[in-house]
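Each residue of the sequence shown is one higher than the last, beginning at 2 in our numbering.
The beta carbon of each residue, even a glycine, is placed where N, CA and C say it ideally should be.
Owing to the predicted nature of the structure, the values given are computational and were not obtained by experimental measurement.
Working notes for the structure below.
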Amino acid sequence: MRRSSVPDRRCTAFAPGRVNVIGEHTDYNHGLAMPFAIAEGVTVRAAALADDGEPLIEAIAIDLDERDSFPLERPGPAEGWRAYVHGAVAELGAAGHRLVPARLEITGRVPLGSGLSSSAALTVALCLALLELGSDHADAGGRSLDRIALARLCSRVENEWAGARTGLLDQIASLFGAAEEAMCIDFQSLDVEPVPLALEGWRFVIADSGERHVHASSGYNERRRECAEACGALGIESLREASLEDIAALPEPLERRARHVLEENARVLEAVDALRAGAIREVAELLSASHASLRDLYQVSTPAVEATVERLLRAGVAGARLIGGGFGGSVLGLLEPGLALPAGCIEVAPGPGAHILAR
Ligand code: ADP
Ligand code: MG
């Protein structure tokens with residue numbers, strides 16, 4: 002039986018996707034990355050349901066025209082988008098947050114599976130909406146939240162409920178984003194430092210290489226294992242503790258992998274400085290340097306990705322790099338002011354971080 006909603010308890014939460022400007026394969030090495038929240042995100046409209054039977058969560062994925070319903074107290078395993086809803090309810094409950102029976106309507110504008118993290122946008126928006134609805138005071142789903150704790154919780158939802166191996170980058174970027182700002186994340190201290198993002202007409206663009214490599218996840222896991230092996234050989238916890246001198250004696254390919262990570266961390270700091278100085282062309286050059294390192298040292302590029310980078314450079318981007326784990330996926334480019342969007346590209350513009358849109 003369908004329950005009536007309680008009219009005075011509703012809210013709308015928004016959480017953005019993200020693009021990682023620079024700092025690839027650094028998160029699991031306790032390094033640095035510089036993402037920004039994009040304008041597109043996922044919106045969850047939530048309404049409390051009357052508490053007159055078994056407390057339920059009803060969810061509707063409007064874009065997919067699919068529904069779900071499950072007991073608030075006992076979310077079980079689920080597939081696809083439902084896994085994020087079950088996981089968000091389960092993890093918030095396990096963390097001691099008060100939740101109420103609710104109907105959740107999900108809509109999104111982040112392209113799925115394009116490296117813009119629609120999954121983090123979905124998870125963060127769900128959590129913000131559920132927290133806001135379950136809170137007795139006005140601000141619980143908003144500013145006073147411990148956003149690092151919430152990023153960890155959202156990451157558990159992705160890891161343990163949706164089966165996606167991700168670090169904290171996507172969730173932190175969605176939760177800490179701000180209009181006209183990127184951020185520098187230090188994955189050792191989990192410090193998040195805002196970086197001004199005044200693009201002065203430059204545009205970030207994304208092109209899909211068209212390749213979804215079947216071995217993508219195993220390649221990613223192999224790189225993680227190689228980094229762990231390098232740490233083992235050096236007797237350190239993470240590559241953050243190593244210097245270029247330390248890694249010089251590592252056997253190949255470990256030296257190459259470690260050198261990418263160390264130099265990529267340095268490029269992130271250079272990109273932060275360049276943005277602070279308004280030197281966008283330098284950021285573009287750092288993108289290309291990052292790509293060369295991902296191709297030659299980390300060895301995660303493919304012919305399809307190389308062709309996509311070449312195509313963007315011919316269309317006038319001043320710098321481009323593969324984004325995400327590699328072995329296929331998307332390419333990020335920085336397009337000079339006044340140039341037309343290359344064919345098949347989408348523009349990604351910075352936007353605000355996750356927030357409550359309406360109460
Ligand atoms: P990415 O995060 O790179 O976009 P993922 O495969 O990690 O790709 O996450 C995509 C998944 O997130 C989709 O398959 C779907 O389950 C879920 N998702 C994202 N946006 C929506 C949405 N608007 N409605 C329903 N599910 C969504
Ligand atoms: Mg994802």
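Going by other Cβ atoms of all chains shown within 10 Å of its Cβ, with 16 needed for buried, is residue i buried or exposed?
| i | result |
| --- | --- |
| G320 | buried |
| N21 | buried |
| G32 | buried |
| S76 | It is worth fixing the name first, because residue 76 is Pro in this sequence and not Ser. Burial call: buried. |
| N222 | exposed |
| P102 | buried |
| S244 | exposed |
| I357 | buried |
| L170 | buried |
| G142 | Reliability of the predicted coordinates at G142 is poor, the pLDDT of 48 falling under 50, and the value obtained from them is presented with this limitation in mind. Buried: at least 16 other Cβ atoms inside 10 Å. |
| G334 | buried |
| P36 | buried |
| D147 | exposed |
| I237 | exposed |
| G325 | buried |
| S190 | exposed |
| R315 | exposed |
| E182 | buried |
| I58 | buried |
Along the chain, where does the alpha helix (DSSP H) that runs through residue i open and close?
| i | result |
| --- | --- |
| H356 | From DSSP, H356 is part of no alpha helix (DSSP H) but of the beta strand (DSSP E) over 356-359. |
| V273 | 255-277 |
| L131 | 119-135 |
| I281 | 281-297 |
| V90 | 81-95 |
| P36 | Unbroken run through P36 is the beta strand (DSSP E), 33-50; no alpha helix (DSSP H). |
| E378 | Because the chain here runs from 2 to 360, residue 378 falls outside it and cannot be looked at. |
| S156 | 148-157 |
| D53 | That residue, D53, is in no alpha helix (DSSP H); it is neither H nor E in DSSP. |
Between which two residues does the beta strand (DSSP E) harbouring residue i extend?
| i | result |
| --- | --- |
| P72 | 67-72 |
| V1 | It is not possible to answer for residue 1, since the shown part of the chain is limited to 2 through 360. |
| I107 | 103-109 |
| R322 | 318-323 |
| L57 | 57-62 |
| E348 | 346-349 |
Might you give, ordered along the chain, the residues of its own chain that have their beta carbon closer than 8 Å to the beta carbon of residue i, omitting 5 neighbours on each side?
| i | result |
| --- | --- |
| H261 | H26, S294, L295, L298, Y299 |
| V111 | P17, G18, I39, E41, G42, V43, L117, S118, S119, A122 |
| V269 | I23, G24, T27, G32, L33, A34, M35, C185 |
Once the 5 residues before and after residue i are set aside, which same chain residues still bring their CB inside 7 Å of it?
| i | result |
| --- | --- |
| R204 | L336, E348 |
| H292 | V310, A321, R322, L323 |
| P195 | A179, E182, M184 |
| L151 | C128, L176 |
Beta-carbon within less than 6 Å of residue i's beta-carbon, same chain only, minus the 5 sequence neighbours each way: which residues are those?
| i | result |
| --- | --- |
| A350 | A40 |
| L105 | V45, A47, A60 |
| E201 | none |
| V79 | For the record, residue 79 in the displayed sequence is Ala; it is not Val. Correct list, in chain order: H87. |
| R11 | A48 |
| R99 | G135 |
| I281 | W203 |
| L65 | none |
| A272 | I23, M35, V284, L287 |
Quick one: measure Cβ to Cβ for residue i and residue j, integer angstroms, because I've assumed they're closer than 8 Å.
| i | j | result |
| --- | --- | --- |
| G354 | F177 | 6 Å |
| S156 | T167 | 6 Å |
| I23 | L276 | Not quite, the Cβ-Cβ distance comes to about 10 Å (not below 8 Å), so this is no contact. |
Exercise for review: With a floor of 4 residues, list each alpha helix (DSSP H) that falls wholly inside the segment 170-204, ordered by position along the chain.
Suggested key: Qualifying alpha helix (DSSP H) stretches, in chain order: 170-177.
Practice item. Please list, following the chain, all residues that have a C-beta closer than 7 Å to any non-hydrogen atom of the ligand ATP. Key: Inclusion of the ligand ATP in the displayed structure is not the case, the ligand content consisting of the ligand ADP and the ligand MG alone.
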